[in-house]
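Each step along the sequence shown adds one to the number in numbering that gives the first Met the number 0, with nothing skipped, and position 64 is 63.
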Amino acid sequence: MREPDNTPAPRPYLVHVAPDGDIIFPAKQVCRLADGLYIVVSALTRSRLYHRIKREAPPGAALLVAPLADAPKFKGMSRGALAFTRRIWEPAAGQDG
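Written out as structure tokens, the structure reads:
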């Protein structure tokens, strides 16, 4: 009999790293919104994601990792950012977006 898969579902996080470096994010889906600002979709907990990124970031870098419950509203971000967020958060019928 096969054991149930206890892997948590991936969830989106807003990540800010400054200064922006050559960070390899522990996630399959990453969208760069602007310099040092990313949406990272990961099955890791916030704490584990934070510590993995912290090890990749330059020493003394500012770092923020926050879970996103809903699609963020934004303007002027990198090309493809809106399409990325629409793939993550499919608009519900009747929502104004």
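No residue lacks a Cβ here, since even glycine has one placed at the ideal position from N, Cα and C.
* To do: Could you confirm whether any beta carbon from chain B is found closer than 7 Å to the beta carbon of Lys74?
  => Included in the structure is just one protein chain, with no chain B present.
* To do: Would you identify the three-state DSSP class for Leu32, choosing helix, strand or coil?
  => Counting from one through the sequence shown, the residue named residue 32 turns up at place 33. The answer is strand: DSSP assigns Leu32 an E or B state.
* Between which two residues does the alpha helix (DSSP H) containing Leu48 stretch? -> On the sequence shown, residue 48 is found 49 positions in, with the first residue counted as 1. From DSSP, the alpha helix (DSSP H) with Leu48 extends over Arg45 to Glu55.
* Asked: Is the CB-CB distance between Ser77 and Leu13 below 7 Å?
  -> Here residue 77 corresponds to residue number 78 of the sequence shown, with the count starting at 1. Here residue 13 corresponds to residue number 14 of the sequence shown, with the count starting at 1. Their beta carbons are not under 7 Å apart, which means Ser77 does not touch Leu13 by this criterion.
* Segments of 3+ residues assigned as beta strand (DSSP E) that fall wholly inside the segment 3-28 -> 10-17
* **Beta-carbon spacing of Arg45, Val64 below 7 Å** => The residue labelled residue 45 in the question sits at position 46 within the sequence shown. The residue labelled residue 64 in the question sits at position 65 within the sequence shown. Yes. Within cutoff.
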